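In the numbering used here, the protein residues as written are 3 to 527.
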Amino acid sequence: MKRLDTDVVVIGGGSTGLGVVRDAAMRGYRAVLVERVDLGQGTTGRFHGLLHSGGRYVVSDPGSATECAEENAILRRIQASAVEDTGGFFVTLAGDDPAYADKFLAGAKATGVPATEISVKEALRREPRLDPHIQRAIEVADGSVDGWQLVWGAARSAEAHGAKVLTYHRVTKIERDGDRVAAVICRDEKGGEDVRINCTFVLNCAGPWAGQIAEMAGAEPVAVVPGRGIMIAMNHRLVNTVINRCVYPTDGDILVPVHTVSIIGTTDIHETDPDHLPIPRAEVQQMLDAGEAMIPGFRKARALHAWSGSRPLIKDKRVSVEDTRHMSRGMAVIDHSQTDGLNGMLTIGGGKLTTYRLMAEHIVDAMNRQLGEERPCTTADEVIPGSEDRKLYTVTHRLEDREKDRLDDQIICECELMNRSMFVRLLKEQPDATLDDLRRQLRLGMGPCQGGFCAARAAGLACSEKAIDAEPASGLLRLFLKHRWIGIWPILYGQQVRQTALDHWIFAGTLDVEHLPQPEEEIVR
Numbered sequence: 003m004k005r006l007d008t009d010v011v012v013i014g015g016g017s018t019g020l021g022v023v024r025d026a027a028m029r030g031y032r033a034v035l036v037e038r039v040d041l042g043q044g045t046t047g048r049f050h051g052l053l054h055s056g057g058r059y060v061v062s063d064p065g066s067a068t069e070c071a072e073e074n075a076i077l078r079r080i081q082a083s084a085v086e087d088t089g090g091f092f093v094t095l096a097g098d099d100p101a102y103a104d105k106f107l108a109g110a111k112a113t114g115v116p117a118t119e120i121s122v123k124e125a126l127r128r129e130p131r132l133d134p135h136i137q138r139a140i141e142v143a144d145g146s147v148d149g150w151q152l153v154w155g156a157a158r159s160a161e162a163h164g165a166k167v168l169t170y171h172r173v174t175k176i177e178r179d180g181d182r183v184a185a186v187i188c189r190d191e192k193g194g195e196d197v198r199i200n201c202t203f204v205l206n207c208a209g210p211w212a213g214q215i216a217e218m219a220g221a222e223p224v225a226v227v228p229g230r231g232i233m234i235a236m237n238h239r240l241v242n243t244v245i246n247r248c249v250y251p252t253d254g255d256i257l258v259p260v261h262t263v264s265i266i267g268t269t270d271i272h273e274t275d276p277d278h279l280p281i282p283r284a285e286v287q288q289m290l291d292a293g294e295a296m297i298p299g300f301r302k303a304r305a306l307h308a309w310s311g312s313r314p315l316i317k318d319k320r321v322s323v324e325d326t327r328h329m330s331r332g333m334a335v336i337d338h339s340q341t342d343g344l345n346g347m348l349t350i351g352g353g354k355l356t357t358y359r360l361m362a363e364h365i366v367d368a369m370n371r372q373l374g375e376e377r378p379c380t381t382a383d384e385v386i387p388g389s390e391d392r393k394l395y396t397v398t399h400r401l402e403d404r405e406k407d408r409l410d411d412q413i414i415c416e417c418e419l420m421n422r423s424m425f426v427r428l429l430k431e432q433p434d435a436t437l438d439d440l441r442r443q444l445r446l447g448m449g450p451c452q453g454g455f456c457a458a459r460a461a462g463l464a465c466s467e468k469a470i471d472a473e474p475a476s477g478l479l480r481l482f483l484k485h486r487w488i489g490i491w492p493i494l495y496g497q498q499v500r501q502t503a504l505d506h507w508i509f510a511g512t513l514d515v516e517h518l519p520q521p522e523e524e525i526v527r
């Protein structure tokens, strides 16, 4: 069994975990993060793409509103490359309560969330696809954020400060020495060996899976409630500004422009198993109807992909456990020395992706107190690698930028303008990556064809670069397509049916992908 020694093990490779391992490493702790699959593959990779201004919570959850507003400004400064400054509108539709806008403005003032009412005429000038019958419009500092760029940036920052980030390492056991955590045992899913990580402290950042991790240490299950929400990516940017309905938070009330698409969402349903999240067709229809209410003609656009994500909400005594919609979005640190008599372990839950840096600060501060250390947090001051020029992400002139000085650089994914050199460079950096792993960083197969034309090119290119043999490449291709199609079947209608039929004919009819060698079970997910 392989052995490592460290000060702190961080469990969970989402935004919170990466924020925590970065914070711990920057304070001088030896830190190791373990994640059972790829970074950002759980809740972080299944969210709306929204960088919250805090506006959504100024009435329903004032504390979260203030946290979002403050962290929004910090993220724009330290991680600009992952953020697009779209701005945001809260709009009152014809059937909405017009008095809520006054409550909203009062709440924004009380919580420190920047908000300015603008004329309906100005809102329609800037977003002409909005329902022309809107009654009021309030401008806020919403943005869109690429969750995968965010976590990989934090990972590189953590590694630069000496941390280790171990993906595809599944926690199988947490060992104790009496009343104290002593080690974390992991299974290296790709290397096929067990790894023992001796440590002084464990920080449980496993999101909806935090209860399972706590039980491994002999603690009582923590009160983390998975709140499932579905989202749908439409085939282009129907808006360039985040559009929120100016109502008490409800289902399908936000439309976010992210990269080349617009994402409508979301629902909020209590689930028990975050590994099995359905995409009910009734909720798909609910989202399409909600989009139509804000953007007339919304249903005529092509729905590209649907997915479900699970919020790691902290159980809120004010509401039923089934009522995840009205649970607080605030963060909470659970000290297992107080709840279970177990020293050296903390769990964090709740919060938002927007507040991931602040969540990390809180839990590492709590660890400091237990260890009797005084090591200040500096994560709000140091720019994350890739954002040194403080330039925010933009989508303009993408084709020109790709083609300039690269006339011989083949475009692999035409929908997302991913070229050969980008793919090969990342493949060399991460030779064990699956096509899905590469997709999350390069947006491979995330456009209208959903991998119909680029997936086979990418698999072939991986072979030609001798990164993988033909049989494993076939398994990776089939697994990639399976994951794409999971999010397509629930939203098939209109022109996307024709696109999907073409893709199916190519892969099932021409390439006979279902009978290619290398069973997908042999490929690490």
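Yeah, the Cβ is synthetic: ideal placement off N, Cα and C, and Gly gets one too.
These figures come from a predicted structure and were not determined experimentally.
Beta-ladder partner(s) of residue i, from DSSP
| i | result |
| --- | --- |
| Ile-271 | Arg-230 |
| Asn-370 | In DSSP, Asn-370 forms no bridge with anything. |
| Glu-141 | Phe-91 and Thr-118 |
| Ala-308 | Ile-234 |
| Lys-1 | Residue 1 falls outside the range modelled here, since the chain spans only 3 to 527, and no answer is possible. |
| Phe-203 | Val-10 |
| Ser-264 | Met-236 and Pro-259 |
| Thr-349 | Asn-206 and Ile-336 |
| Cys-415 | Met-420 |
| Ala-96 | BP columns for Ala-96 are empty, so no partner. |
Minimum Cβ-Cβ distance from residue i to chain D less than 8 Å
| i | result |
| --- | --- |
| Ala-216 | As a matter of chain content, chain D is missing from the structure shown, which is built from one protein chain. |
DSSP state of residue i mapped onto helix, strand, coil
| i | result |
| --- | --- |
| Thr-169 | coil |
| Glu-384 | coil |
| Pro-314 | strand |
| Met-1 | The structure shown has nothing for residue 1, since the chain only spans 3 to 527. |
| Asp-196 | strand |
| Cys-456 | helix |
| Met-420 | strand |
| Thr-174 | strand |
| Ile-508 | helix |
| Gly-180 | coil |
| Leu-518 | coil |
| Asp-190 | strand |
| Met-361 | helix |
| Leu-513 | coil |
| Arg-527 | Bear in mind that a pLDDT of 48 at Arg-527, under 50, signals an unreliable position, so the model cannot answer this. |
| Ala-112 | helix |
| Leu-52 | strand |
| Gln-501 | helix |
| Leu-494 | coil |
| Glu-72 | helix |
| Ala-101 | coil |
| Glu-86 | strand |
| Arg-441 | helix |
Under 8 Å between C-beta atoms of residue i and residue j
| i | j | result |
| --- | --- | --- |
| Gly-454 | Asp-514 | no |
| Val-85 | Leu-132 | no |
| Gly-267 | Gly-229 | no |
| Leu-306 | Gln-452 | yes |
| Leu-341 | Glu-222 | Looking at the sequence shown, residue 341 is not Leu but Thr. Against a cut-off of 8 Å, the Cβ pair of Glu-222 and Thr-341 comes out as a contact. |
| Ile-120 | Ala-108 | no |
| Thr-380 | Ala-362 | no |
Of the listed residues the options, nearest to residue i (C-alpha basis)
| i | options | result |
| --- | --- | --- |
| Ile-336 | Arg-327, Gly-346, Asp-471 and Arg-304 | Gly-346 |
| Met-528 | Thr-380, Gly-193, Gly-353 and Phe-300 | This structure cannot settle anything about residue 528, because the visible part of the chain is limited to 3 through 527. |
| Val-204 | Phe-482, Val-366 and Asp-383 | Val-366 |
| Leu-95 | Arg-247, Arg-486, Cys-70 and Ile-350 | Arg-247 |
| Thr-357 | Ala-165, Ile-13 and Ala-75 | Ala-75 |
| Ile-281 | Leu-77, Ile-234, Lys-430 and Glu-375 | Ile-234 |
| Lys-616 | Asp-291, Ile-187 and Arg-239 | As displayed, the chain neither begins before 3 nor continues past 527, which places residue 616 out of reach and without an answer. |
| His-135 | Tyr-170, Val-153 and Gly-97 | Gly-97 |
| Leu-279 | Ser-423, Arg-313 and Thr-113 | Arg-313 |
| Lys-317 | Leu-257, Ile-488 and His-272 | His-272 |
| His-485 | Leu-446, Ala-472 and Gln-498 | Leu-446 |
| Leu-437 | Ala-458, Val-147 and Leu-20 | Ala-458 |
| Trp-211 | Gly-109, Ala-185 and Asp-275 | Asp-275 |
| Ala-184 | Phe-106, Ile-256 and Asp-9 | Asp-9 |
| Val-167 | Thr-349, Ala-362, Gly-21 and Lys-393 | Gly-21 |
| Lys-192 | Leu-483, Glu-222, Thr-512 and Asp-434 | Asp-434 |
| Lys-430 | Gly-109, Val-122 and Ser-466 | Ser-466 |
| Met-289 | Ile-297, Asp-253, Met-369 and Trp-309 | Asp-253 |
| Ala-225 | Ser-330, His-163, Gly-374 and Asp-383 | Ser-330 |
Cβ-Cβ separation, residue j to residue i (assumed contact under 8 Å), whole Å
| i | j | result |
| --- | --- | --- |
| Pro-116 | Ala-143 | 5 Å |
| Thr-396 | Cys-207 | At roughly 31 Å, the Cβ-Cβ gap does not stay under 8 Å, so Thr-396 and Cys-207 are not in contact. |
| Gly-311 | Met-333 | With a Cβ gap of about 17 Å, Gly-311 and Met-333 do not count as contacting. |
| Leu-53 | Val-34 | Rounded, the Cβ-Cβ distance is 29 Å, inconsistent with contact. |
| Trp-83 | Val-258 | Per the sequence shown, residue 83 should be read as Ser rather than Trp. Ser-83 to Val-258, Cβ: 18 Å. No contact. |
| Gly-149 | Gly-293 | About 21 Å separates the two Cβ atoms, so there is no contact after all. |
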